[in-house]
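Count along the sequence shown from 1, add 1, and you get the number used in my numbering. Below is one structure; the comments refer to it alone.
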Amino acid sequence: MKYYVMDGEKADGPFTLAELQAMAAAGLVKPDTRLRPEDLGPEVPAQVVQGVFIAPDAAFATPPSQTKPGRNPYVIALVVLVGLCVVCLPVVGAVLFPVFSQARIAAQRSASLGNVRQLLVATLTYVADHDDHFPPAMGSADEARPFIEKYVVGVTDKDKLDFLFQTMNERSHTWRGNETLAAADATKLTLPQLTLVFFDSQDWPGGKRCVGLADGSAKVLAGDSVFRAHEANKGVLGPNDLATGTSSQ
2 MKYYVMDGEK
12 ADGPFTLAEL
22 QAMAAAGLVK
32 PDTRLRPEDL
42 GPEVPAQVVQ
52 GVFIAPDAAF
62 ATPPSQTKPG
72 RNPYVIALVV
82 LVGLCVVCLP
92 VVGAVLFPVF
102 SQARIAAQRS
112 ASLGNVRQLL
122 VATLTYVADH
132 DDHFPPAMGS
142 ADEARPFIEK
152 YVVGVTDKDK
162 LDFLFQTMNE
172 RSHTWRGNET
182 LAAADATKLT
192 LPQLTLVFFD
202 SQDWPGGKRC
212 VGLADGSAKV
222 LAGDSVFRAH
232 EANKGVLGPN
242 DLATGTSSQ
């Protein structure tokens with residue numbers, strides 16, 4: 002688009018927008034100078050023709066203060082959040098890890114308690130089927146397995162049986178047995194509720210052991226009580242050893 006510069010009835014030009022910009026810069030075109038489009042449109046003041054005194058699209062340009070590199074508040078917030086996570090995650094982990102670890106151990110110990118309960122049922126079923134006598138080998142669950150395995154109720158898969166005959170105690174997966182019961186007459190037990198049949202060979206974290214007793218109950222007892230009963234008292238617990246235990250009747 003070209004424009005004529007009007008001076009009364011006199012018209013100079015036509016001039017391009019770039020030429021008008023140069024003339025405005027030189028003071029030859031004032032804001033109130035009348036310009037008429039080359040296509041014979043109406044005359045207008047030079048100040049309203051976009052690009053004469055204001056660069057094209059300048060009115061829509063982003064203010065310089067907004068285009069300069071600056072501190073984006075969202076970026077700052079994100080950096081602060083990441084920093085807090087880096088600082089807090091180890092702390093949170095240190096607090097929660099023992100909680101999760103204890104929960105995992107409690108779940109494993111509960112599963113082991115269920116296992117020894119099933120082993121007891123199988124053993125006592127064997128006893129009832131063999132004139133009230135225990136299997137001839139009772140040093141461990143593995144030793145007794147050939148005799149009691151067929152009496153395990155509801156478990157026939159070999160892998161599941163292998164799992165059943167092991168404790169989930171990570172310190173030792175072996176169920177110890179009360180060897181004094183080997184081929185023993187169950188009717189002669191005077192304290193079946195205190196007589197060990199199977200038990201963890203090592204303490205769980207926290208000093209506890211899962212045990213199965215000759216009366217068919219399964220309990221979690223203090224490890225030192227179980228050790229003392231097995232090593233010094235022919236597998237018979239003291240009368241106070243059950244006081245602080247938890248049980249599965």
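Glycine included, each C-beta is placed from N, C-alpha and C at the ideal position.
Residues bridged to residue i [DSSP beta-bridge criterion]
i, result
"Ser-323", "Outside the shown range of the chain, which is 2 to 250, sits residue 323, and nothing can be said about it."
"His-134", "Asp-186"
"Asp-201", "Trp-176"
"Thr-196", "Val-237"
"Met-7", "Ala-12, Arg-35"
"Leu-29", "None, per the DSSP bridge assignment."
"Cys-211", "Val-221"
"Pro-46", "Arg-35"
Nearest to residue i (by Cα), restricted to the options the options
i, options, result
"Val-53", "Leu-125, Gly-28, Arg-210, Asn-73", "Gly-28"
"Pro-1", "Gly-84, Val-81, Met-7, Lys-11", "Because the chain in this structure spans residues 2 to 250, residue 1 falls outside the shown range and cannot be described."
"Val-154", "Leu-195, Asn-116, Gln-103, Phe-228", "Asn-116"
Proximity of residue i and residue j at Cβ, strictly below 8 Å
i, j, result
"Thr-181", "Gly-239", "no"
"Ala-183", "Met-139", "yes"
"Leu-21", "Tyr-4", "yes"
"Val-198", "Thr-124", "yes"
"Leu-165", "Gln-119", "yes"
"Gln-48", "Pro-32", "yes"
"Gly-224", "Leu-121", "no"
"Glu-44", "Met-2", "no"
"Ala-12", "Arg-37", "yes"
For residue j and residue i, believed in contact at Cβ under 8 Å, the rounded distance
i, j, result
"Leu-214", "Pro-193", "7 Å"
"Leu-243", "Lys-209", "So it is not a contact: roughly 13 Å between Cβ atoms."
The ligand MG heavy atom lying under 7 Å from the CB of residue i
i, result
"Asn-170", "Among the components of this structure there are no ligands whatsoever, and the ligand MG is therefore not found."
Report yes or no: do the stretch 201–213 and the stretch 168–181 share at least 3 C-beta pairs separated by less than 8 Å? Yes, the stretch 201–213 touches the stretch 168–181.
Quick check: the stretch 99–114 against the stretch 162–174, are there 3 or more CB pairs under 8 Å? Touching, yes, given that three or more Cβ pairs across the two stretches are closer than 8 Å.
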